[in-house]
Amino acid sequence: MPFDAAVFDLVEEALSEGFKFHYSLDKFLSRSGVDAKLLRSVRAAAEDRNTQHGKFDKAPKRFVVQELLSQTSQLDDKGDRVLASIITGLVNINLPDASDEAVTAIDRLKERMASDKRAVREKQAEQEKNRALAARGAERLRETKRAERQAEKDRLKDRFIELMGQSNAQKRGYLLESFLNDFFDHEGLEPRKSFKIVGEQIDGSFMWRERASLVEAKWVGEPVAGAQFGAFAYKIEGKSADTRGLFISINGYSTEAIRGMNAKGSLKFVCLDGAHLMQALSNYDGLRPILERVWRHADETGESYLPVADF
């Protein structure tokens, strides 16, 4: 029950001493939501009690009120609503026949209601304050994570730029594989480092569109020619039907290589170059939108390569 014993005592006093006649009390209770069945039950219980008492010809109003409060307290939420309605009625009605005790009880009920409303407002204000603090805390956490993510991406970008100054081609190739693995991990693509299987060297793999995508990475002085594609296509063909691939040539591709690739029918891989990587490293959205755009272009046109200039 949300009402304490003090409130019950005040309601009892106000109802018992607030009405001169029984019918006035019953009329008020009916208007306050006490249904006829409950009122009959209350009256019957009050008369039984009066009979046992043997002092009055008719059960006094206080007996009726006490039985009412007893029975409504057993009605759980419904009883709470009835009592709340009675209290609202008492503090908003003029009772010309009320005794001084009833008037005092009603005044104290008004004070309790005002106090309860203040408490509710204060609680709501505190909850709103806590929500605002939580929201600001969550935003600060998101901002911190964004800053950390951006700092990590900036470090990756610096690594990529430093690779351009690496003159040893073999070392640059190993460093590129390591960089790509870290970059794919940063993008949440579940990368796997380079691995060997019988007769094949795979530069790495990652998950995209719920499929495994093999990676072939090249950093040679000239744009990649078509001969480089054949071996990669063979590696993909030897895997499951869902396996796809990503060919990365930092210095791009020859026109003949791309034209020949597009003419070979079903595409199993798409092509990125250094400009794609730099675009991904320079924008907050990263690599995923680029992969999505390149693969959609491939799905719609059959072309494996979409230069950044054509975005």
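Using the working numbering, you'd call the opening residue of the sequence shown number 6 and step up by one each time.
By construction, the Cβ of each residue, glycine as well, lies at the ideal position given by its N, Cα and C atoms.
Exposed unless 16 or more other CB atoms sit within 10 angstroms - verdict on residue i
i	result
glycine 291	buried
phenylalanine 316	exposed
lysine 240	buried
lysine 158	buried
valine 125	exposed
glycine 235	exposed
leucine 194	buried
glutamine 132	exposed
glutamate 242	exposed
tyrosine 289	exposed
glycine 170	exposed
serine 309	buried
leucine 138	exposed
alanine 19	buried
alanine 140	exposed
alanine 303	buried
isoleucine 98	exposed
C-beta contact flag for residue i and residue j at 8 Å
i	j	result
glycine 23	alanine 107	yes
valine 275	serine 254	no
arginine 249	lysine 223	no
aspartate 102	lysine 25	yes
lysine 122	valine 96	no
serine 210	arginine 197	yes
arginine 67	serine 21	yes
arginine 36	valine 69	no
alanine 89	glutamate 72	no
aspartate 5	serine 199	There is simply no residue 5 to check, as the chain begins at 6 and stops at 316 in what is shown.
asparagine 267	glycine 307	yes
aspartate 247	arginine 216	yes
alanine 110	leucine 15	yes
leucine 43	glutamine 79	no
valine 299	leucine 311	yes
glutamate 127	leucine 74	no
leucine 256	glutamate 227	The sequence shown places asparagine at residue 256, not leucine. Yes; because the gap between Cβ atoms is below 8 Å, this pair is in contact.
Bridge-paired residues (DSSP) for residue i
i	result
tryptophan 213	Arg216
tyrosine 258	Val229
glutamate 221	Phe252
phenylalanine 274	Gly250
tyrosine 28	None; tyrosine 28 has no bridge partner.
tyrosine 239	According to DSSP, tyrosine 239 bridges with nothing at all.
tyrosine 310	Cys276
Sequence-distant residues of its chain with Cβ nearer than 7 Å to residue i (five each side left out)
i	result
glutamine 284	Ile295, Val313
proline 7	Asp85
phenylalanine 237	Glu221, Gly250, Phe252, Phe274
arginine 117	Val12
aspartate 187	Leu161
alanine 262	Val229, Ala230, Gly231, Phe234
Own chain partners of residue i with C-beta closer than 6 Å, once the 5 adjacent residues on each side are dropped
i	result
threonine 323	As displayed, the chain neither begins before 6 nor continues past 316, which places residue 323 out of reach and without an answer.
aspartate 81	none
leucine 100	Gly23
leucine 277	Ile253
alanine 64	Ala51, Glu52, Asn55
alanine 280	Val313
isoleucine 91	Ser37
Residue i CB to nearest heavy atom of the ligand GDP below 7 Å
i	result
alanine 285	This structure simply doesn't include the ligand GDP, nor any ligand for that matter.
Own chain partners of residue i with C-beta closer than 8 Å, once the 5 adjacent residues on each side are dropped
i	result
lysine 244	Ala217, Leu219
When the Cβ atoms of the segment 54-66 are set against those of the segment 138-145, are three or more pairs found closer than 8 Å?
-> no
Below 8 Å, can you find three or more Cβ-Cβ pairs linking the segment 180-187 to the segment 156-171?
-> yes
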